[in-house]
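Participant:
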Amino acid sequence: MSPFQSDFERDYYSWVGLYISTWAGVETNLALIVQMIFEHLDGKLIEKDCPQSLSRRLKFLRKASGKLDALSNEKDEIYALTDTLSSESNFRHDIVHGIKTSIGFSDHKSIMVARPVAINDPLGEIVRTNVSLAILEEKYQILGLSGLSLMGLGRRIINLIDKERE
1 MSPFQSDFER DYYSWVGLYI STWAGVETNL ALIVQMIFEH LDGKLIEKDC
51 PQSLSRRLKF LRKASGKLDA LSNEKDEIYA LTDTLSSESN FRHDIVHGIK
101 TSIGFSDHKS IMVARPVAIN DPLGEIVRTN VSLAILEEKY QILGLSGLSL
151 MGLGRRIINL IDKERE
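Everything in the sequence shown is counted per full-length UniProt numbering, starting at 1 for the first residue and increasing by one.
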């Protein structure tokens, strides 16, 4: 017996799974890029400690692209990537931590997820996000393209490190 009540429910959770698993790869790639910059391209001039949280990594990457000569040619792409990942982070947070409050399985169109703005104030302000299969697919595509851009950036950073070692 299927655990899903409808094809829509099955498809919804399939897209959520694809999005979350893709996010894991993107965030791991970002962590590696930040660590390479920190350890090999004077990143210690930007921050005392290598950033660990997503928001600190994104801020570090933006600062590094503006302050480190080795990354000057990457600034536009880094800004575009950090803007996209910041936006996607909010969506991911809603999907992962949101509670399904309005399940549109019967109308086969969308699901409403809601979460408190502040985790320590569950009765406070609530963020609601309407999620359709089309939105999930679009977000998955955006995230996948961002992952490919990060892979290219990572390769170019490795090349910069190799040049500095010569």
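In this text, a Cβ means the ideal position worked out from N, Cα and C, and glycines have one as well.
Tell me the residue span of the alpha helix (DSSP H) that contains residue 195.
Facilitator: Only positions 1 to 166 of the chain appear in the structure, and residue 195 is not among them; the question remains open.
Participant: Which of the three DSSP states is assigned to K59 in this structure?
Facilitator: Taking the sequence shown and counting its residues from 1, the one referred to as residue 59 is at position 59. Looking at K59 - three-state DSSP - the assignment turns out to be helix.
Participant: Output the boundary residues of the alpha helix (DSSP H) element that contains I46.
Facilitator: If you number the sequence shown from 1, residue 46 lands on position 46. Looking at the DSSP string, I46 is not in any alpha helix (DSSP H), and its letter there is neither H nor E.
Participant: Is it buried or exposed, L81, if we count other Cβ atoms within 10 angstroms and call 16 or more buried?
Facilitator: Indexing the sequence shown from 1 puts residue 81 at position 81. That one is buried.
Participant: Examine the Cβ distances between the stretch 50-67 and the stretch 112-124 and report whether three or more of them are shorter than 8 Å.
Facilitator: Verdict: no, contact absent.
Participant: If you drop the 5 nearest sequence neighbours on each side, which residues of the same chain put their C-beta closer than 6 Å to that of R57?
Facilitator: For the purposes of this step, residue 57 is taken as the residue at position 57 of the sequence shown. Within the same chain, R57 has close Cβ partners L30, V34, P51.
Participant: Just reading off the alpha helix (DSSP H) that V34 is part of, what are its end residues?
Facilitator: To locate residue 34, count along the sequence shown from 1; it is residue 34. Run containing V34: 7-40, per the alpha helix (DSSP H) assignment.
Participant: From the DSSP output, read off the bridge partner residues of N130.
Facilitator: For the purposes of this step, residue 130 is taken as residue 130 along the sequence shown, with counting starting at 1. Paired residues: M112.
Participant: Return the bridge partner residues of K100 from the DSSP annotation.
Facilitator: If you number the sequence shown from 1, residue 100 lands on position 100. Answer is V113, bridged to K100.
Participant: Please classify V117 as buried or exposed, where buried requires at least 16 neighbouring CB atoms within 10 angstroms.
Facilitator: Counted from its first residue, the sequence shown places residue 117 at position 117. With fewer than 16 Cβ atoms within 10 Å of its Cβ, V117 is classed as exposed.
Participant: Measure the CB-CB distance between G147 and G17 and report whether it falls below 8 Å.
Facilitator: Numbered from its first residue, the sequence shown carries residue 147 at position 147. Numbered from its first residue, the sequence shown carries residue 17 at position 17. Cβ distance not < 8 Å, so G147 and G17 don't count as in contact.
Participant: Verify whether the separation of the beta carbon atoms of M112 and R128 is less than 8 Å.
Facilitator: Indexing the sequence shown from 1 puts residue 112 at position 112. Indexing the sequence shown from 1 puts residue 128 at position 128. Yes. Within cutoff.
Participant: Measure how close the beta-carbons of residue 168 and A114 come, nearest whole angstrom, since I'm counting them as under 8 Å.
Facilitator: What the structure shows of the chain is the stretch from 1 to 166, and residue 168 is not part of that stretch, so it cannot be assessed.
Participant: Between L153 and E74, how many whole angstroms is the CB-CB distance? I'm expecting something under 8 Å.
Facilitator: Position 153 of the sequence shown, counted from the first residue, corresponds to residue 153. Position 74 of the sequence shown, counted from the first residue, corresponds to residue 74. That belief holds up - the Cβ atoms of L153 and E74 are roughly 6 Å apart, short of 8 Å.
Participant: Output needed for D11: all residues of its chain with C-beta closer than 8 Å, excluding positions within five of it in sequence on either side, in chain order.
Facilitator: Reading the sequence shown from its first residue, position 11 is the one you call residue 11. If we look at D11 and ignore the five residues flanking it on each side, its Cβ neighbours are L133.
Participant: Inspect the beta-carbon positions of T22 and L143 and report whether they are closer than 8 Å.
Facilitator: Your numbering for residue 22 matches position 22 in the sequence shown. Your numbering for residue 143 matches position 143 in the sequence shown. Yes.
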